Structure formats: structure tokens, C-alpha cells
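Residues in the sequence shown are numbered consecutively from 1, following the working numbering. Don't be surprised by glycine CBs; every beta carbon is placed ideally from N, CA and C. The structure displayed is predicted, hence computed values, not measured ones. For reference, the structure discussed in these notes is given below.
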Amino acid sequence: MEYDIADTTDWHIISMTTQDLDVILGDSLFLQLGVTDWGPEQYHVDVAYYRADIVNVKQVGPDKGEPLPYHPTVPKPETFSHHLEVDHDAIIHTNFPDVNFNDMHIKQEDGYANVLAVQSDQWGILRWALSELEDQKVQDAGILELTTQSVVRGGNYSEVYGEDLGMEFNKVRVIEIIGGDEDWNQTEVTFNTITQGKKLSAVFNPQMIFDAEVTEEQGGKTFITLSRPVMQRLIEGTSKGLLIRPLGAIDATFYSSEYLDGKYSPKLHFNISKD
Numbered sequence: 001m002e003y004d005i006a007d008t009t010d011w012h013i014i015s016m017t018t019q020d021l022d023v024i025l026g027d028s029l030f031l032q033l034g035v036t037d038w039g040p041e042q043y044h045v046d047v048a049y050y051r052a053d054i055v056n057v058k059q060v061g062p063d064k065g066e067p068l069p070y071h072p073t074v075p076k077p078e079t080f081s082h083h084l085e086v087d088h089d090a091i092i093h094t095n096f097p098d099v100n101f102n103d104m105h106i107k108q109e110d111g112y113a114n115v116l117a118v119q120s121d122q123w124g125i126l127r128w129a130l131s132e133l134e135d136q137k138v139q140d141a142g143i144l145e146l147t148t149q150s151v152v153r154g155g156n157y158s159e160v161y162g163e164d165l166g167m168e169f170n171k172v173r174v175i176e177i178i179g180g181d182e183d184w185n186q187t188e189v190t191f192n193t194i195t196q197g198k199k200l201s202a203v204f205n206p207q208m209i210f211d212a213e214v215t216e217e218q219g220g221k222t223f224i225t226l227s228r229p230v231m232q233r234l235i236e237g238t239s240k241g242l243l244i245r246p247l248g249a250i251d252a253t254f255y256s257s258e259y260l261d262g263k264y265s266p267k268l269h270f271n272i273s274k275d
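And the structure:
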């Protein structure tokens with residue numbers, strides 16, 4: 001289980017009650033607190049206290065904090081109440097920071113298809129029109145839907161870095177956009193206009209949301225879990241949209257909103273609380 005910490009200014013209490021812990025009298029039990037994937041800079045965490053108790057699970061009550069299941073099962077899109085196509089989607093390129101790539105396309109049998117091609121220093125950005133929902137509460141995790149045009153991948157990562165690390169490559173990384181120009185237009189946006197000269201960590205959250213395997217078949221769907229806190233920040237406008245980057249030497253190309261009048265447009269699926 002992972003936990004979302006909403007801010008770095010206040011103290012937070014988190015707790016986790018184990019289920020079916022396989023121990024017997026006389027066993028030694030070691031506890032660990034891990035802080036990981038915060039980003040490429042230097043970070044520290046202050047811990048006021050850290051303890052373990054033997055409790056009656058029927059009496060202890062709910063855990064404290066915002067627990068996030070690790071790699072949860074992805075629900076089917078039709079089980080959600082809200083389905084929202086992206087409002088603007090575009091490509092930005094760090095090597096060509098003043099160029100707009102809204103006309104990025106690929107030739108298919110049925111003609112040219114507009115795409116979001118994610119590779120190396122070329123990233124996809126997405127934003128939605130969510131202002132009408134900003135006062136609502138998200139019920140649970142949502143999903144991001146992307147439709148594949150093509151995928152090019154490879155590399156002996158596991159031989160070089162070992163199995164545990166090597167298996168993490170050839171994915172796409174989804175990140176919250178937290179700053180910069182929040183009203184960018186897909187026909188005009190560039191790397192420089194969205195970042196506005198700011199440090200990248202002030203525009204793109206160094207803590208990623210999720211690293212996802214990409215469905216390789218053309219027309220196939222990739223569904224990426226967005227935790228409840230992430231969805232809430234998107235709804236409220238605290239997060240301005242999503243960034244898609246490659247993790248490894250993968251070229252992942254998805255259909256953009258312009259192709260076939262948005263038939264394969266990136267989409268958000270989520271539930272709004274009825275309370």
C-alpha cells in the first residue's frame with residue numbers, strides 16, 4: 001500500500017493494518033517505512049514517531065491517511081459515471097522549444113492520422129475542461145484512456161541493470177502538470193510557452209503518477225490508473241493537466257483528438273461522489 005501526502009507543510013498521520021499476517025509466537029517482525037519515486041532532486045522526510053501495535057482488527061477502525069493500492073485492478077470504462085474527452089492535446093519538444101507540433105501526423109492506409117508521438121525529448125501534454133466540476137468530490141480512482149497508433153520498443157535493460165530495475169523500462173510515465181501556462185492552446189503551445197522559463201519541477205510534478213505498459217496493437221487501448229487524490233486535484237484545478245513521457249528508449253504513438261473527429265481522443269473516466 002502507498003499513501004498520498006497532500007502537502008509538505010503540515011504533519012500527517014498514516015496507518016496500515018495488516019491482513020492475514022503469517023507470524024507465530026517467537027517470530028521477529030521487522031518494520032520498514034519507504035519513501036520512493038519523489039523525483040530527481042534531493043528530498044527528506046521528517047518523522048515524529050513510528051510504531052507498531054498488535055490490535056484487534058474488528059475494533060481498530062479505518063486506517064488513517066489516503067491509502068493507494070499498488071497497481072490496482074483497472075475497472076472497465078463503462079463502470080464510471082463520467083467520461084470526458086480531452087479539451088487540448090499537444091506535443092512539446094525540449095530540443096525544439098519554440099516549435100508547435102500540433103500537425104504531427106503519420107500516414108496510414110486510410111490517410112493521414114494526427115498523433116501524439118512520445119519519445120526521448122518529445123512529450124505529450126493533455127488538459128481537460130473541468131471547471132464545471134471544480135466544487136465536486138471525486139469518489140475513487142479514475143482512469144486515463146489512450147489509443148495506440150504504433151509502438152517501437154526494445155533494449156536489453158534487464159541484462160544491464162538487473163531484472164528488478166530492467167523491467168521498469170519501455171513504459172510511459174504519466175505526470176501531473178502543476179504550473180506554467182495553464183490555458184495553453186494546442187495550436188500554439190510550445191515547450192517554452194508552457195514552461196514560461198520556470199524550473200521543470202515547478203511545472204511538472206517530479207513525483208510521477210504511474211508508469212504504464214503500452215498496448216502495442218494499433219487501435220488497442222491503454223488504461224492508466226489515476227488515484228483519487230490525483231483526480232481531485234485535476235477536478236479542482238490544482239493540477240493543470242497531464243504530461244506523458246517515455247521511460248526508456250520507447251517510441252509510443254497515440255491518436256490525438258483531431259483524428260476522426262475525436263473518435264480515439266484521450267479520455268478521462270471517473271466517478272463523482274453523491275454525498
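Task: Backbone CA spacing between Leu25 and Lys267 [nearest angstrom] - done: 51 Å
Task: Cβ-based burial, Glu145 [other Cβ within 10 Å; buried from 16] - done: buried
TODO: Specify the secondary structure class of Arg51 as computed by DSSP and reduced to three states.
DONE: coil
TODO: Kindly identify the DSSP beta-bridge partner or partners of Gly142.
DONE: Leu226
TODO: Assign Tyr255 to one of three DSSP states: helix, strand, or coil.
DONE: strand
- [ ] Determine the burial state of Glu188: buried for a count of at least 16 other Cβ atoms within 10 Å of its Cβ, exposed for fewer.
- [x] exposed
Task: alpha helix (DSSP H) runs contained entirely in the stretch 144-185, provided each spans 4 or more residues - done: 157-161, 163-166
Task: Backbone CA spacing between Thr18 and Ile92 [nearest angstrom] - done: 44 Å
Open item on the list: Can you list, in chain order, the residues of its chain with a C-beta nearer than 8 Å to that of Asn192? Leave out the 5 residues immediately preceding and following it.
Closed with: Pro97, Asp98
Task: Simplified DSSP state of Ile24, which is helix, strand or coil - done: coil
Open item on the list: Quick check: the Cα distance between Thr190 and Ser150, rounded to an integer number of angstroms?
Closed with: 24 Å
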